[in-house]
Each structure stands twice: as structure tokens, then as C-alpha cells.
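A quick write-up on the structure given underneath.
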Amino acid sequence: MIDLRLLRDDPDRVRASQRARGEDETVVDRLVAADEARRAAEVSFGALRNEQKELGRRVGPLQGRLKKAGDDERPALAAELDALLAGAADLAERVKAAETARDAADAETTALLAELSNLIDPAAPVGGEDDFTVVEEVGVRRDFAAEGITVRDHVEIGELLGAIDIERGAKVSGSRFYYLTGIGALLELALVNHAIALACGNGFTPMIPPALVKPSAMEGTGFLGQAAENVYRLEADDMYLVGTAEVPLAAYHSDEILEASSLPRRYVGYSPCYRREAGSGGRDTRGIFRVHWFDKVEMFSYAHPDDAVAEHARLLGWEREFFDSLEIPYRVIDVASGDLGASAARKFDIEAWVPSQERYREVTSTSNCTEFQARRLRIRMRDEDGVRPLATLNGTLVAVTRAIVALLENHQQADGSVRVPVALRPYLGGRELLTPL
RNA sequence: GGAGGAUUCGCCUAGUGGCCUAGGGCGCACGCUUGGAAAGCGUGUUGGGGGAAACUCCUCAGGGGUUCGAAUCCCCUAUCCUCCGCCA
Numbered sequence: 000m001i002d003l004r005l006l007r008d009d010p011d012r013v014r015a016s017q018r019a020r021g022e023d024e025t026v027v028d029r030l031v032a033a034d035e036a037r038r039a040a041e042v043s044f045g046a047l048r049n050e051q052k053e054l055g056r057r058v059g060p061l062q063g064r065l066k067k068a069g070d071d072e073r074p075a076l077a078a079e080l081d082a083l084l085a086g087a088a089d090l091a092e093r094v095k096a097a098e099t100a101r102d103a104a105d106a107e108t109t110a111l112l113a114e115l116s117n118l119i120d121p122a123a124p125v126g127g128e129d130d131f132t133v134v135e136e137v138g139v140r141r142d143f144a145a146e147g148i149t150v151r152d153h154v155e156i157g158e159l160l161g162a163i164d165i166e167r168g169a170k171v172s173g174s175r176f177y178y179l180t181g182i183g184a185l186l187e188l189a190l191v192n193h194a195i196a197l198a199c200g201n202g203f204t205p206m207i208p209p210a211l212v213k214p215s216a217m218e219g220t221g222f223l224g225q226a227a228e229n230v231y232r233l234e235a236d237d238m239y240l241v242g243t244a245e246v247p248l249a250a251y252h253s254d255e256i257l258e259a260s261s262l263p264r265r266y267v268g269y270s271p272c273y274r275r276e277a278g279s280g281g282r283d284t285r286g287i288f289r290v291h292w293f294d295k296v297e298m299f300s301y302a303h304p305d306d307a308v309a310e311h312a313r314l315l316g317w318e319r320e321f322f323d324s325l326e327i328p329y330r331v332i333d334v335a336s337g338d339l340g341a342s343a344a345r346k347f348d349i350e351a352w353v354p355s356q357e358r359y360r361e362v363t364s365t366s367n368c369t370e371f372q373a374r375r376l377r378i379r380m381r382d383e384d385g386v387r388p389l390a391t392l393n394g395t396l397v398a399v400t401r402a403i404v405a406l407l408e409n410h411q412q413a414d415g416s417v418r419v420p421v422a423l424r425p426y427l428g429g430r431e432l433l434t435p436l
């Protein structure tokens, strides 16, 4: 959620942000009105409650005097007490009514506030999905024709190597499921270990987080808005399967106040990710590029808001370092405003070259959520200026299935074998080549 | 799944219907003292809402209730602990 004070002071800025996202901007005016009503209700309740407390404070002493009073003053005191209690009873009614009104106004404001997406970073390109800007292209794309190689896609290579079993994935779990088998399974472990090692070397704390979370964690990270249709919900237990370790890593410090001096706090989580892929029917149906479940190593930072932009650049830097080490050509794009998630103010994707498709495809993504998630999850920091929300950022180190797609395809050889990039060899027992069975 | 117990300001704790407007200790911060430190003494130390401010309200795990008035009494929920059962 955004800061209500900012909404009051500069509603135009919020409207502009909603517009750039292609989202409803009328919510802004409704929210301004609701906030005003809430504050008025707060004042009435506070005043009445104060009156009630003052009255209440007089009851005790009066009862004491009545107890010790002689017969002559008793009737007068008793009458006074009765009058006091009668007044208090009447006041109690009004306090209760005012409290109910206050709570209702509060709930209304909170509900509207939850609808608002994060303010976009003015630096983000404006527009829809295709309006991204290319930041940089990195690496050299192989000329397979010149090498005399007929390009196989990852499904073919995966079969040759005995690395991916899609048919049996479908048999057991349905479409968009797979087994990683043999060298494929080892490849996942190698990628994960390599990623975790890179992160740990840069001061991240490794984490194995729960992949099943309560509604509050899902809501707090902003996945129950427009993204809700892509989330698996376990009806019987009112729990959610996470689509990314970002969820448990963000909720990890919910309701906490962190010392500003301890920031940035960096965690790297390895978890399964579950996505319903509603609305993507028919897209990327072949292979393991778009699946309902995959494993992922995700970086997560809790940062000082003033440091968030720099931290975002650092996360992107580590993502790039990882794909550099895999010797896979890629480009970095600055995602356009209309394609940002509800929580993100700005987002950079790394898109790896996929030879079989002859285009770049998303393999990682890093978002600066500024204070948006932190407000929802009540994560704050304490510094000289007091207590206030901090910034959260996340970035993929490796989404295993997509990395495998890029790796197998970019490093394939004429005979269907796959060259192992140097950086990965230590994690595969020194193997330099994956060969067909 | 069953039976008990617990949950108060970072930590420990007092508190069984009205001077609890939540007390004390530890820790922490600042000050006094000191050549410097320790000790000692003093002051401060949960968050949040409203308000320009004075100030005011909320916050004793969360939610409901009883009452003129709830940390305190009642009900529900959550989490943790102990024991039993079941399972790995």
C-alpha cells in the first residue's frame, strides 16, 4: 500500500501512476473521501471516549464516600451516584455507536487502499507489455548454421540426454508438468548450488522457506490482486501455494521493526514455485518453459528507502553475473509501466536467447517494491528519525526450468550433446559435456 | 485428534473489576559525577491514529461479549509448551 499522507498531499501523482499502469484511477477520489470520513469519525470517537473516561474516574471516589457516609448525607450521595451512572450509561451507548462508525470508516479506507497498486518509478518506460526499453544486449549469439548444426529445442535435447520426461509428467500430474531425470535432476542441483554459492559469497543468508503460506502473507506481498487467478489456493485449509520465494521471504520480517543500521538485509531462498498459468492457455505449451511448478533461487533485500534504487542495481548485477557465468547470451529490459506487478515501482527482466525460438525469453526478473510491500506487511525500520517503512526488493537468481531451457539450447552440439559452462562444472563433478544416453 | 498450561513495553517480570493514567528489574540512550572508566545518581526508553499545536484516543496475542468502567470476568480463534494417541 502507499502512504495515505502522500495521497492526501498529491492525489494527482497517484492518479498519474494508476493511469500509466492502465488501472482504475477513480479509486483515488474514493479513497480521499474515505480517508476524510475516517479522520472525522476518529475525532468524534476520541472526544466521546475521553468524556467517558472522565466520568468513569468520578464513580470510584463517589462510591467510596457513599460507603463511609453517615445516614444524613447518604440519600444525597446516592442520588448523585445514580445520576452519574445514568449519564454514564447514556454516554456508553454513544461511545459504542461512534466506535462502530469509526471502525466502518477504517475498514472502508483500508479496503480501498488495498486496491491501489504501487506508485511507478518515473524512470520506468510508460506503456504496455511491448513498450519496454532494451537496456543492454550481452554475449554473442552462436551462428548454428555456420557451425553446421541443426538447432534442436530443449525438449529434443532433454530427451536425448534423458534429462527431461514430459510425457510422464503429464501422465502423473497433467499438462505443464515434467520430471527432471538423471542428468536433468543433477543439473537442477548444480544450478541451485551455483546460485546459492554466488549469493552467499555476496553476503546473502541462505533460506529454505515454507512454500505454503497463510492468506496474510499472500495478501501482504500483493499477489491477491490482479495476480490472484494465478495463485493456487488450498480451499480446505485456507492456505496458498507460493508462486515465488519472494512471498515467504517478504513475510519473514512482517510485523517487525529492524534497525536501519542492519540494512540492507539480504536473503536468498530456494523454493518450489506454483503457478496456475490461468489466461496463458495455448502459450508456450511445448516443453518446460511455462509450467505449473518449478524450483527457483530468489534473492530478497530489505533496504533503506534511500538505498533502494542502488540495491535494485546490485540485484540486477548479480542476476547478470549468474547468466554471464552460464555463458548464455541475453538482454536486459526495463519493463514498461503497464506490465509491472502491483507491488513493483520498477522492474528489470533478463531475457535469455532461445535458439529454437530465435528470440529472447524472460529468465529472471528483479523488482523494486519500494515501501509498498513493507506497509502491507508492517515491516519497518528504526533510525535517528524514528520508525518508518523500509523498502523491499526481489530478484531471481535462477528459475531452474527456464535456465535449463537456455542452457541446453545455447550449449548444444551437433550430436545432441551439451557443453557444460566452466562455472557449472564443479557442481557436476567436473563434467565438461552432457552426452546422449 | 484428546487433555492441560502459557501469551503484559527489546528481554525478565508485578498485576484477580475503578489512584493500572500498566509498577519493578535487565538492557539501551542521554546527563551528572570522574584525570579517564566502573560503580553510583538522575532522566528517557512499545507502537499506532487524529490534531498546526496544546492535547487526545487506541494498543496487555487477536476477535467478540458482560459492565457506567476490563490486563483482570465470560466466549471464540491463533501461536508456543507439556502429556496421550496416531503417523513419519
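Take the first sequence: its position 78, counting from 1, is numbered 77 in numbering that gives the first Met the number 0, and each next residue is one higher.
Quick reminder that beta carbons are idealized off the backbone N, C-alpha and C, glycines included.
Everything numeric in this text was worked out from a predicted model, so none of it was measured.
Using CA atoms only, rank isn't needed, just tell me which of the options is closest to residue i.
{"i": "Val267", "options": "Arg93, Ile207, Glu155, Arg175", "result": "Ile207"}
{"i": "Thr220", "options": "Ile378, Ile148, Ala82", "result": "Ile378"}
{"i": "Val386", "options": "Glu114, Asp323, Asp414, His303", "result": "His303"}
{"i": "Arg259", "options": "Arg381, Pro209, Ala110, Asp164", "result": "Reading off the sequence shown, one finds Ala at residue 259, where the question assumed Arg. Ala259 has its Cα closest to that of Arg381, out of Arg381, Pro209, Ala110, Asp164."}
{"i": "Ser355", "options": "Asp384, Arg418, His311, Gln411", "result": "Gln411"}
{"i": "Ala97", "options": "Glu155, Ala36, Arg56", "result": "Ala36"}
{"i": "Arg358", "options": "Phe322, Asp333, Ala405, Leu389", "result": "Ala405"}
{"i": "Gly138", "options": "Tyr329, Leu76, Val26", "result": "Tyr329"}
{"i": "Pro124", "options": "Ala87, Leu427, Ile332", "result": "Ile332"}
{"i": "Arg274", "options": "Gly181, Asp9, Ser174, Val191", "result": "Ser174"}
{"i": "Gly127", "options": "Leu389, Leu436, Asp338", "result": "Asp338"}
{"i": "Ala103", "options": "Arg48, Arg167, Ala33", "result": "Ala33"}
{"i": "Leu233", "options": "Asp254, Glu255, Ser253, Ala210", "result": "Ala210"}
{"i": "Arg101", "options": "Ala46, Arg56, Asn192", "result": "Ala46"}
{"i": "Glu22", "options": "Ala78, Glu114, Val58", "result": "Glu114"}
Do you know offhand how far residue i's Cα is from residue j's?
{"i": "Gln40", "j": "Arg93", "result": "Correcting the residue identity first, residue 40 is Ala in this sequence and not Gln. Ala40 and Arg93: Cα-Cα distance of roughly 13 Å."}
{"i": "Met0", "j": "Val171", "result": "40 Å"}
{"i": "Tyr251", "j": "Phe347", "result": "24 Å"}
{"i": "Ala106", "j": "Leu179", "result": "47 Å"}
{"i": "Asp2", "j": "Asp384", "result": "17 Å"}
{"i": "Glu136", "j": "Ala351", "result": "10 Å"}
{"i": "Asp294", "j": "Ala244", "result": "9 Å"}
{"i": "Leu111", "j": "Arg29", "result": "8 Å"}
{"i": "Arg38", "j": "Ser215", "result": "26 Å"}
{"i": "Asp414", "j": "Arg360", "result": "25 Å"}
{"i": "Ser43", "j": "Thr99", "result": "11 Å"}
{"i": "Ile165", "j": "Glu310", "result": "38 Å"}
{"i": "Leu262", "j": "Val296", "result": "21 Å"}
{"i": "Pro435", "j": "Arg141", "result": "21 Å"}
{"i": "Glu50", "j": "Asp89", "result": "12 Å"}
Quick check on residue i: buried or exposed, where buried means 16 or more other Cβ atoms within 10 Å of its Cβ?
{"i": "Gly183", "result": "buried"}
{"i": "Leu248", "result": "buried"}
{"i": "Ala373", "result": "buried"}
{"i": "Ala335", "result": "buried"}
{"i": "Arg375", "result": "buried"}
{"i": "Val133", "result": "exposed"}
{"i": "Gly157", "result": "buried"}
{"i": "Thr391", "result": "buried"}
{"i": "Asp8", "result": "exposed"}
{"i": "Asp129", "result": "exposed"}
{"i": "Val421", "result": "exposed"}
{"i": "Val154", "result": "buried"}
> If you pair each beta-carbon of the stretch 360 to 373 with each one of the stretch 333 to 349, do three or more pairs fall below 8 Å?
Replying inline: yes
> Residue ranges of each alpha helix (DSSP H) run of no fewer than 4 residues wholly in the stretch 148 to 181, ordered along the chain?
Replying inline: 153 to 160, 165 to 172
> Where are the beta strand (DSSP E) runs, 3 residues long or more, that stay fully inside the stretch 231 to 290, in chain order?
Replying inline: 231 to 233, 238 to 240, 256 to 258, 264 to 273
> Does the stretch 193 to 201 come close enough to the stretch 211 to 226 to have 3 or more Cβ pairs within less than 8 Å?
Replying inline: no
> Of all the beta strand (DSSP E) runs that stay within the bounds of the stretch 285 to 347, which reach a length of 3 or more residues?
Replying inline: 292 to 302, 329 to 333
> Does the count of Cβ pairs from the stretch 3 to 18 and the stretch 111 to 120 closer than 8 Å reach three?
Replying inline: yes
>> Check whether the stretch 272 to 285 and the stretch 135 to 149 are in contact - that is, three or more C-beta pairs closer than 8 Å.
In response: no
>> Does the structure place the stretch 387 to 405 close enough to the stretch 286 to 306 that three or more beta carbon pairs sit under 8 Å?
In response: yes
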